[in-house]
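J.: Residue numbers (our numbering): 1159 to 1489. For each residue, glycine too, the CB sits at the ideal point set by N, CA and C. Sharing a structure here in structure tokens format.
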Amino acid sequence: MPEILDQARDQVLNNGVGLDEAGVLAVLNLPDEHLSATLQLAHEVRMRWCGPEVEVEGIVSLKTGGCPEDCHFCSQSGLFTSPVRSVWLDIPSLVQAAKQTAATGATEFCIVAAVRGPDTRLMKQMREGVAAIRSEVDIQVAASLGMLTQEQVDELVDMGVHRYNHNLETCRSYFPNVVTTHSWEERWETLRMVRESGMEVCCGGILGLGETLAQRAEFAAQLAELDPHEVPLNFLNPRPGTPLGDRPVIEGKDALRAIAAFRLAMPRTILRYAGGREITLGDLGTRDGLLGGINAVIVGNYLTTLGRSATDDLKLLDELKMPVKALSATL
């Protein structure tokens, strides 16, 4: 057994203390022959410190496309030639999407908008949408609306939004290679305000953007410092017309090693499967990740890409004897 796994068993599994940046990098550098043992240890950590339940979430885009930012992976940017164009979703459609999400057994419904930050129109539509959903659907409402002011943070709390998603996307040192229209520090400031407001913090990113393994370890350590309630792990699904549209897809074994490493860095965090797992891992890899540290999934489609069917994901959870987390009474 490699020394780093012995260290992780003692430090993370037994004592609940996550690996530091150097430890994560050591896990990411482990050869393939130790992948099964690494995934098994990450699963044991997840079961000990999080339990067997899996949180299931659906997402819908309230405002799609036409974003003024230049995130190089995103087809919703209005600066690229990618095909997504600006569309707004009306309130009845939003409520219907929430009902469909709840019908899958999901406990979380996230409203997303492709914007730098919300304007008056978007905040008004959010207020109306959240009120309509909460009056008709028994589901928790989360939001992802870009960078916020303190006033907007307070308004979302008042609406009853219980969790805010704002991904750092990648580590601080690599961020300028991915986004140039705003800074990593601006995103961090929004996350700080959200945490202090009492809303749960959901913050993750995308692996396979061109970062090195050392930068991947740096990212895990920075997320651990933030200590978010939830970390969605995306794997780059290259979008035509974007600056990263020709990047190769991350290798499945590397994706699984990263899942395990991020779990060993954050033993108590909800680690959620998000976009790109279908092309990176496929069905077998999806199962391996659920047995290697993952304890939450987004079901159905993502914002601009297709996902696995909700039925397939829920069937797999049942086969693995992983109960879907019950709806929390606390909003």
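I need the DSSP call for Gly-1363, collapsed to helix, strand or coil.
T.: Gly-1363 falls in the strand class under three-state DSSP.
J.: Do the stretch 1367-1387 and the stretch 1403-1421 make contact, defined as three or more Cβ pairs closer than 8 Å?
T.: As far as the Cβ criterion goes, the stretch 1367-1387 touches the stretch 1403-1421, which means the pair count is three or higher.
J.: For Val-1311, name the three-state secondary structure that DSSP assigns.
T.: In the structure shown, Val-1311 sits in a helix (DSSP, three-state: H, G or I).
J.: Looking only at its own chain, which residues have a Cβ that is under 7 Å from the Cβ of Val-1455, when we skip the five neighbours before and after it?
T.: Val-1212, Val-1214, Arg-1430, Tyr-1431 and Asp-1471, listed in sequence order.
J.: Since Gly-1363 and Glu-1388 should fall inside the 8 Å C-beta cutoff, what is the C-beta to C-beta distance between them, to a whole number of angstroms?
T.: About 12 Å; that fails the 8 Å criterion.
J.: Assuming contact is defined by CB atoms lying nearer than 8 Å, are Pro-1425 and Gly-1174 in contact in what I supplied?
T.: Cβ distance < 8 Å, so Pro-1425 and Gly-1174 count as in contact.
J.: For the candidate residues Ile-1428, Cys-1232 and Leu-1442, whose alpha-carbon lies nearest to that of Gly-1410?
T.: Minimum Cα distance to Gly-1410 is reached at Leu-1442.
J.: What is the DSSP secondary structure of Glu-1294, reduced to helix, strand or coil?
T.: Three-state DSSP puts Glu-1294 in a helix.
J.: What would DSSP say about Asn-1323, mapped onto helix, strand or coil?
T.: Residue state, collapsed to three classes: strand.
J.: Label Gly-1440 either buried or exposed according to how many other C-beta atoms from any shown protein chain fall within 10 Å of its C-beta, with 16 as the threshold for buried.
T.: Exposed, by the Cβ-count rule.
J.: What does DSSP give as the partner residue(s) for Ala-1180 in the beta ladder?
T.: Its beta-bridge partners do not exist; DSSP assigns none.
J.: Measuring only the C-alpha atoms, how far is Gly-1451 from Gln-1380?
T.: Roughly 19 Å between the two C-alpha positions.
J.: With DSSP collapsed to three states, give me the class of Ala-1289.
T.: Residue state, collapsed to three classes: helix.
J.: Is the beta carbon of Leu-1384 sitting closer than 8 Å to the one on Cys-1361?
T.: In this structure, Cys-1361 lies closer than 8 Å to Leu-1384 by Cβ.
J.: In whole angstroms, what separates the C-alpha of Phe-1420 from that of Phe-1393?
T.: Whole-angstrom Cα-Cα distance: 13 Å.
J.: What's the C-alpha gap between Val-1352 and Thr-1259?
T.: Val-1352 and Thr-1259: Cα-Cα distance of roughly 25 Å.
J.: If you run the structure through DSSP and keep just helix, strand and coil, what is Ile-1408?
T.: It is coil, neither helix nor strand.
J.: Pick helix, strand or coil for Ala-1301, following the three-state DSSP scheme.
T.: It is a strand residue.
J.: Leaving out the 5 sequence neighbours to the left and right, which residues in its chain are closer than 8 Å to Lys-1479 when beta-carbon positions are compared?
T.: Cβ within range, chain order: Pro-1210.
J.: So which of Gln-1373, Met-1305, Arg-1330 and Gly-1318 has the shortest CA-CA distance to Glu-1227?
T.: It is Met-1305.
J.: CA-CA distance, Leu-1303 and Val-1273?
T.: Their backbone Cα atoms lie some 6 Å apart in a straight line.
J.: Counting only the same chain and skipping the five closest in sequence on each side, list residues whose C-beta sits under 7 Å from that of Pro-1160.
T.: These residues qualify, in order along the chain: Leu-1188 and His-1192.
J.: Considering only DSSP beta bridges, list what Leu-1391 is partnered with.
T.: Gly-1363 and Tyr-1431, per the DSSP bridge assignment.
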